[in-house]
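**Q**
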Amino acid sequence: MRRGFTLIEILVAISLLVILGGAGLVGYRQAARRQAVDGAAEKVVGALRQAQANAASGVKDTMACGSRQLTGWRVTFAANSYTIDGVCGAVTFGGKSEGYSREVVGIRVTPLPSVNPMLFKVLNQGTNIPVSTNVTVTGYGLTKVISVTTSGDIK
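All residue numbers for the sequence shown refer to the numbering used here, where the first residue is 1173 and numbers rise by one.
(1) At the level of alpha carbons, what is the spacing between residue 1202 and residue 1301?
(2) Within the stretch 1212-1263, note down every full alpha helix (DSSP H) run reaching 4 residues or more, in order along the chain.
(3) Just checking, does the stretch 1257-1275 make contact with the stretch 1231-1248 on the three C-beta pairs under 8 Å criterion?
(4) May I ask you to verify whether the stretch 1208-1216 touches the stretch 1307-1314, counting CB pairs closer than 8 Å and requiring at least 3?
(5) Rounded to whole angstroms, what is the Cα-Cα separation between residue 1287 and residue 1222?
(6) Return the CA-CA distance between residue 1250 and residue 1199, expressed in angstroms with no decimal places.
(7) By the 10 Å Cβ neighbour count, where 16 or more other Cβ atoms means buried, how is residue 1220 classified, buried or exposed?
(8) For residue 1293 and residue 1319, I'd like the C-alpha separation in whole angstroms.
(9) Could you have a look at residue 1284 and say whether DSSP puts it in helix, strand or coil?
(10) Using only CA atoms, which one of 1246, 1241, 1212 lies nearest to residue 1317?
(11) In terms of residues, what are the limits of the beta strand (DSSP E) holding residue 1318?
(12) Which one of 1248, 1224, 1188 has the shortest CA to CA distance from residue 1321?
(13) Name the one or two DSSP bridge partners that residue 1270 has.
(14) By Cβ distance, which residues of its chain are closer than 7 Å to residue 1206, with the 5 residues on each side in sequence left out?
(15) So, helix, strand or coil for residue 1303, using DSSP?
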C-alpha cells in the first residue's frame, strides 16, 4: 500500500499551478490596462459634459467677467491632461486642470487641424468646431474614441 505522492506527481501538479497562475496574471494585467484607458476616457467625457452643462446654464464668475457676456466654457487638451475654464470675451476664469494616470499614453483630438480648445457656447448654441470631432484616448495599445458634434452632442 502506497502513502503519499511520487516526485513526478508533485512536479506535474506544481507545473499545472504555475501555468494556470501565469495565465490568470496575464488576464488580470490586460483587464487593469483596459480599465486605465477606460478611466481616462471617462474623465474626458466628464470634463466635456461639465463644460457643456456650465455653458448651458450660464455659469460665470462675475468678479472675473464683470459686465462682459459669457461666451461659453471650453476644454483644452494636452498630451496628458486637460483644462476646463469659462470664457467671457478675452477673459478666462475657473481654470481646472486634471491629468491622467501615467499609464495612459496620451490624448489626440482629430480631425487635423483640430479645434483645441473645444468651446461649448452658452444656452446650448453648439460648439466652436466646424465638423464632428473625435477625441482619442490611447494607452497600452488600446484606444477609446469620444465624438463631439458641432451641436455639442457627446458620444
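Glycine included, every Cβ here is placed at the ideal spot set by N, Cα and C.
**A** According to the structure data:
(1) Counted from its first residue, the sequence shown places residue 1202 at position 30. Counted from its first residue, the sequence shown places residue 1301 at position 129. Each residue's alpha carbon lies about 35 Å from the other.
(2) Whole alpha helix (DSSP H) segments, 4+ residues: 1234-1237.
(3) Counting C-beta pairs closer than 8 Å gives three or more between the stretch 1257-1275 and the stretch 1231-1248, which meets the contact rule.
(4) With the cut-off at 8 Å, the stretch 1208-1216 and the stretch 1307-1314 touch.
(5) Residue mapping note: residue 1287 aligns to position 115 of the sequence shown, counting from 1. Residue mapping note: residue 1222 aligns to position 50 of the sequence shown, counting from 1. Going by the C-alpha atoms only, they are around 18 Å apart.
(6) Numbered from its first residue, the sequence shown carries residue 1250 at position 78. Numbered from its first residue, the sequence shown carries residue 1199 at position 27. Computed Cα separation, rounded: 31 Å.
(7) Position 48 of the sequence shown holds residue 1220. Buried, because 16 or more other Cβ atoms sit within 10 Å of the Cβ of residue 1220.
(8) Working through the sequence shown from its first residue, we reach residue 1293 at position 121. Working through the sequence shown from its first residue, we reach residue 1319 at position 147. Answer to the nearest angstrom: the Cα atoms are 17 Å apart.
(9) Start at 1 with the first residue of the sequence shown, and residue 1284 comes out as number 112. Confidence at residue 1284 is low in this model, with a pLDDT of 48, below 50, so its placement is unreliable and no value can be given for it.
(10) By one-based count along the sequence shown, residue 1317 stands at place 145. Minimum Cα distance to residue 1317 is reached at 1212.
(11) Counted from its first residue, the sequence shown places residue 1318 at position 146. For residue 1318, the uninterrupted beta strand (DSSP E) segment begins and ends at 1314-1320.
(12) The sequence position of residue 1321 within the sequence shown is 149, counting from 1. Of 1248, 1224, 1188, the residue nearest in Cα terms is 1224.
(13) If you number the sequence shown from 1, residue 1270 lands on position 98. 1254, per the DSSP bridge assignment.
(14) Position 34 of the sequence shown, counting from 1, holds the residue named residue 1206. Spatial neighbours of residue 1206 in its own chain (CB-CB distance under 7 Å, excluding positions within 5 residues in sequence) are listed in chain order as 1314.
(15) Counted from its first residue, the sequence shown places residue 1303 at position 131. DSSP places residue 1303 outside both helix and strand once states are collapsed to three, so it counts as coil.
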